[in-house]
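Working notes, structure below.
There are 2 protein chains.
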Amino acid sequence: YLMLSTQRRISDFNSFVVRTNTCGELRSSHLGQEVTLCGWVQYRRQSLFLILRDFHGLIQVVIPQDESAASVKKLLCEAPIESVVQVTGTVISRPPGQQNPKMPTGEIEIEVKTAELLNSCKKLPFEIKDFMKKTEALRMKYRYLDLRSSQMQYNLRLRSQMVMKMREYLCNLHGFVDIETPTLFKKTPGGAKEFVVPSREPGKFYSLPQSPQQFKQLLMVGGFDRYFQVARCYRDEGSKPERQPEFTQVDIEMSFVDQAGIQKLIEGLLQYSWPKDKNPLTVPFPSMTYTEALDLYGTDKPDTRFGMKIVDVSDIFRNTEIEFLQDMLKEPQGTIKTICIPGGTKYLKSKDFEVIKKFAVNHFNQEVSPLFLKTSGSGKSPFTKLLKEEEKTALISLMGAQEEDVLLLTAGEHKKACSVLGKLRLECADLLEARGVVLRDPTVFHFLWVVEFPLFLPKEEDPTELESAHHPFTAPHPSDIHLLYTEPEKVRSQHYDLVLNGSEIGGGSIRIHNAEQQQYVLETVLKEDVKLLSHLLQALDFGAPPHGGIALGLDRLVCLVTGVPSIRDVIAFPKSFRGHDLMSNAPDYVSPEDIEPYHIQVRRPEVTDRK
Amino acid sequence: YLMLSTQRRISDFNSFVVRTNTCGELRSSHLGQEVTLCGWVQYRRQSLFLILRDFHGLIQVVIPQDESAASVKKLLCEAPIESVVQVTGTVISRPPGQQNPKMPTGEIEIEVKTAELLNSCKKLPFEIKDFMKKTEALRMKYRYLDLRSSQMQYNLRLRSQMVMKMREYLCNLHGFVDIETPTLFKKTPGGAKEFVVPSREPGKFYSLPQSPQQFKQLLMVGGFDRYFQVARCYRDEGSKPERQPEFTQVDIEMSFVDQAGIQKLIEGLLQYSWPKDKNPLTVPFPSMTYTEALDLYGTDKPDTRFGMKIVDVSDIFRNTEIEFLQDMLKEPQGTIKTICIPGGTKYLKSKDFEVIKKFAVNHFNQEVSPLFLKTSGSGKSPFTKLLKEEEKTALISLMGAQEEDVLLLTAGEHKKACSVLGKLRLECADLLEARGVVLRDPTVFHFLWVVEFPLFLPKEEDPTELESAHHPFTAPHPSDIHLLYTEPEKVRSQHYDLVLNGSEIGGGSIRIHNAEQQQYVLETVLKEDVKLLSHLLQALDFGAPPHGGIALGLDRLVCLVTGVPSIRDVIAFPKSFRGHDLMSNAPDYVSPEDIEPYHIQVRRPEVTDRK
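Order-wise, the sequence lines are chains A and B. Mapped onto the working numbering, the consecutive letters of the first sequence carry residue numbers 311 to 921. Mapped onto the working numbering, the consecutive letters of the second sequence carry residue numbers 311 to 921.
Structure representation (structure tokens):
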């Protein structure tokens, strides 16, 4: 049974209720005590024992066989599985030889005096203990049964405790103020993916914000120099796996702070709130620039739990006779990059390499060539034959490769070559682990700061225009402010991401606190409609302090800490990937009267004139 | 300057930032220390002193007059009021005779070495210190300036601390689990006033729930036997003063608990989280049945801080010759009721009594007669003359009235007579207090449980049908269960309200945990569409434990504790009574493209065909 070791000793789970103890807490030290327990019938062994369960664990109740206790016997023998039962009795030792060392309460059992059936359970469509193995749709439909599993109890209780510790750290230790900000707000400029909420004024809508960004900055202007909130946020991304239409972030903002200050705060926060049953965290977390991350891992959220870093091997091929490599090196930003798959010859099959090559072509339109180092096996790859011996030797030496390793080599534009190898690095790690190689220890947590992101990126639709890499309130890097007015595409930002085991779990920045600079960014660089943000620009003009902050994705963080496969496993009532609540059937049709006050009507697809 | 005395000593407000101290914390004990402070320019005295402010308080900075410090002098003299400034300097004693005992930092000042203008402030439309006196519309438009006031800083910081203490009590002391429940849900049956959120499926809508009621009960079924959440709730009541479209409740649910258990929990919760700068609370809180409350106070949320209780004086008039009293006593439920206004003759004028009488007629269609007890003044009321001397003596004796008091007498149906006098009781209290009588000490907090509510009430539209007095999940009183199937209108419930100083600040109940009983209530008594709640009914069938809970209205509670006039004063960014955010101008018009994915279109009033 999963139990949190961080469980506070002082917590009293039995205050205000009839039970005297939880099922899971009883030990030999309780011998002789009269106890009252409430729980669910887990199972029965013949008509002799009933195993009672609560969130805390299991306890064995001895079913009395005595004639005088016939009614208690009948009740305990007939209560269907998962019925709710209250028993009062004495904690006694199990007879010698009958102890169960696998069960925390295995030394004792309950000699029952009275029993009461609090609620009976109809026949379940499945057994609770197997519930986690059922299809997700079934788990979601009967979520209230799924929640009884020890895994779900552990997940949500750990989440509650982590959040509580975070609050203690922020509020009690560091003077942060927990302030609630509105979720009925207005559309953010350029903020797609915002749910709308019709108001009673025709044509006017509230919008459910993706984050409290504007409000937290306005709180800084309002003199609340240390704000936090465990904030509900909303994002309508249609159907996407591992996304929820509502999610939670630990939202933080401070005045008079720099990037190092926020980073130190977060390191302390995570260290303080880290579950006691996990390895403690070491701080400070390592840091890496955006450019380094792309160069070495082909992504801005590197999984640094294992190596297989991307290596630029262009120099080895400066004088190569291999034509396509020659050609690529002549291109602007043309490079040749390699990663090394340790033991690739041993663990991966030719079919795997076919998949890898196809993946690169399909997803990146990029050729990737495997390179086998074992002399005997060199015949497997046509590319290996093309290599000169000195090129091969240089490669092996630069990559520090072993005989059984395989290199994946690609030639292409720098960023693209890194991206494809970054993705293949992860794919190969999955393949190796599927073959039994341990690359990523599940008990290890690698935090990493990624810093010095670009402030702007070319728009995908029109690369001659710029958009914010994160959001328009991000401050430029102090060394790059002059470039804002000349070459904005080259400006680095004061944005920072926090990455855990290859997942982005947080991001933040120092914000612009100068109204003119903010207006320049919005109007001149981003060509946004400034009117929609006039309140914020005006606020910056009225004595806004320098400030910065961060937001941690709580669902993702708890998901990684608990090691469960999906964020749906750390949310009590999640939506399906299509945004449905499979238990209650939300969203649902409403009557015309329900929407009448909001001056809207439904456009059925058949009458919709799509262009 | 308002300061929370509950401020934890261990909080470090200066961690992670450049400042070494807050402006407000410096004292003689810091003499000689070099400090760095960040704050807003509150005001200047000539070119000699600058008063710097942060959330913590004010500090006097000596503007250097030395030639060598010309640039610092210039900066400090020229920074506009409300600019943000950072100064580094030494804490020194003020010269003898220049101490300011009214200022917590009044014994010291800062000898400044360096200063930096962090941000300049444009000319404000008003002075910050007068901001609270401005119209509410102006305060809301510039909310970020309003928040700098010491009152708003106090309110929101107190709120944060109270909530933190509540969390410690629930989570750390009593093993409650903080669980977030969805706000994108589906329409509750009979749940008017729910905002709708269009989904990407034509005609299907989410609904923003008024409370997590269903989810908290499902969590009990899921084995989370102690749940709490500081939950955002939504209610669309159009334009109502003192209502917010989104509000916060401290939401609690427990399994295996009875009404007394919940009450004890809440008493402990409030006692534990009560601000240290207020008088401590005494527990248990007094309790009163719904019937008593109506009889004595004419309302289900009595303000028990003062007397003036309603007294039934029917018996005095059993043999009266006054015709309209005779007639009324013959009616079913016909009664004669009185309240006593202490010092009424002295403090209230004839005009006041005209207003009182008109109020009763206009709002309740009920005649109310003032009765003057002073012999000399008896001519003032025609009704007084009708009374026999023995009737008058009996009244005076029953009411315990003094010569200068005035009685308000009304004859009518019991409930109506109580209601009108209950309302007049409050009106008269306001009048007396406006004349300088102290009836309700602002430092006194009177908590009261109101219990034994009716389970059902006749529907206003059709009194032959019943509706839930609170919600359909409320359990009947154990003594009244048999009546459920015979005379449901007589069933008392296991609902309880918590009242503070005449305001309802919480309500809860023991819930129905038996599926059959729940179905009977929904289907047979309430005639609701059971299909919409099939998931809940099914959950009750699968081993639902007995459970109950409560929700506290956090905004209202903090409003009463801080003693501010409106809940808008304890919410960082409230909406106006019309539901507008006056700062950002939400809700706002959106483009047709913004709502296109949701298959809705706006019905302009001119094209709406209202029936």
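All C-beta atoms in this analysis are idealised placements derived from N, C-alpha and C, irrespective of residue type, glycine included.
Report the three-state DSSP secondary structure of residue i (helix, strand or coil).
| i | result |
| --- | --- |
| I632/B | coil |
| M898/A | For clarity, residue 898/A is Asp in the given sequence; the question names Met instead. D898/A: strand per DSSP, three-state reduction. |
| L518/B | coil |
| V761/B | strand |
| V351/A | strand |
| A854/A | coil |
| H890/B | coil |
| K647/A | strand |
| R913/A | coil |
| Y657/A | helix |
| D740/A | helix |
| T694/A | helix |
| D561/A | strand |
| K509/A | Checking the sequence shown, residue 509/A turns out to be Ser, not Lys. Here S509/A sits in coil by DSSP. |
| P786/A | strand |
| Q712/B | coil |
Going by beta carbon distance, what residues of the same chain come within less than 6 Å of residue i, once the five residues before and after it are set aside?
| i | result |
| --- | --- |
| H724/A | Q643 and T645 |
| C869/B | I877 and V880 |
| T609/A | G732 |
| E344/A | T400 |
| I649/A | M618, I620, L718, L731 and R735 |
| A785/B | Q804, I820, R821 and I822 |
| D535/B | S565 |
| H780/A | H805 |
| I391/A | V351 |
| K800/A | L793 |
| G653/B | E714 |
Can you say whether residue i is buried or exposed, counting buried as having 16 or more other CB atoms within 10 angstroms of its CB?
| i | result |
| --- | --- |
| H471/A | In the sequence as displayed, the identity of residue 471/A is Gln instead of His. Buried: at least 16 other Cβ atoms inside 10 Å. |
| Y795/B | exposed |
| P435/A | exposed |
| T753/B | exposed |
| C738/A | buried |
| N302/B | Coverage of chain B is limited to positions 311 through 921, which leaves residue 302/B absent and any answer about it impossible. |
| T614/B | buried |
| A931/A | In the structure as shown, chain A starts at 311 and stops at 921, and residue 931/A therefore has no counterpart that could be examined. |
How many Å lie between residue i and residue j at the Cα?
| i | j | result |
| --- | --- | --- |
| V560/B | A861/B | 5 Å |
| T491/B | T498/B | 15 Å |
| H756/B | R469/B | 20 Å |
| S583/A | E478/A | 9 Å |
| P782/A | T694/A | 48 Å |
| S321/A | V487/B | 11 Å |
| R802/B | H845/B | 27 Å |
| Q573/A | V327/B | 11 Å |
Just checking: is the beta-carbon of residue i within a distance shorter than 8 Å of some beta-carbon in chain D?
| i | result |
| --- | --- |
| H823/B | This model lacks chain D altogether, as its protein chains are A and B. |
Spatial neighbours of residue i within its chain, please: C-beta separation below 8 Å, excluding the five flanking residues on both sides.
| i | result |
| --- | --- |
| S338/A | S403, E417 and I418 |
| E838/B | P499, G500, P782 and L832 |
Go through its chain and collect everything with a Cβ distance to residue i's Cβ below 7 Å, but skip five positions before and after it.
| i | result |
| --- | --- |
| T922/A | Residue 922/A lies beyond the stretch modelled for chain A, which goes from 311 to 921, so this question has no answer here. |
| P360/A | The sequence given here has Leu at residue 360/A, not Pro. V351, R354, V371, I373 and L386. |
In chain order, what residues of the segment 329–352 of chain B put their CB closer than 7 Å to some CB of chain A?
R329, C348 and W350
Beta carbons nearer than 7 Å to chain A: which residues of the segment 479–493 of chain B have them?
If you check each beta-carbon in the segment 479–493 of chain B against every beta-carbon of chain A, the ones closer than 7 Å belong to C481, N482, L483, H484, G485, V487, D488, I489, E490, T491, P492 and T493.
Going along the segment 510–521 of chain B in order, which residues come within less than 9 Å of chain A, judged by CB to CB distance?
R510, E511, P512, G513, K514, F515, Y516, S517 and L518
Give the residues from the segment 770–785 of chain A that approach chain B closer than 8 Å (Cβ to any Cβ), ordered along the chain.
none
Identify each residue in the segment 392–426 of chain B for which the Cβ-Cβ distance to at least one residue of chain A is less than 8 Å, and report them in chain order.
Along the segment 392–426 of chain B, the positions whose C-beta sits under 8 Å from a C-beta of chain A are E392, S393, V394 and Q396, read in chain order.
Interface residues of the segment 463–477 of chain A facing chain B [CB-CB below 9 Å]:
Q463, L466, R467, R469, S470, Q471, V473, M474 and R477
Residues of the segment 859–873 of chain B in Cβ contact with chain A at a cutoff of 8 Å, in chain order, please.
none
Please identify, using Cβ separations under 7 Å, the residues of the segment 543–560 of chain A that lie next to chain B, in order along the chain.
If you check each beta-carbon in the segment 543–560 of chain A against every beta-carbon of chain B, the ones closer than 7 Å belong to G548, P555, E556 and T558.
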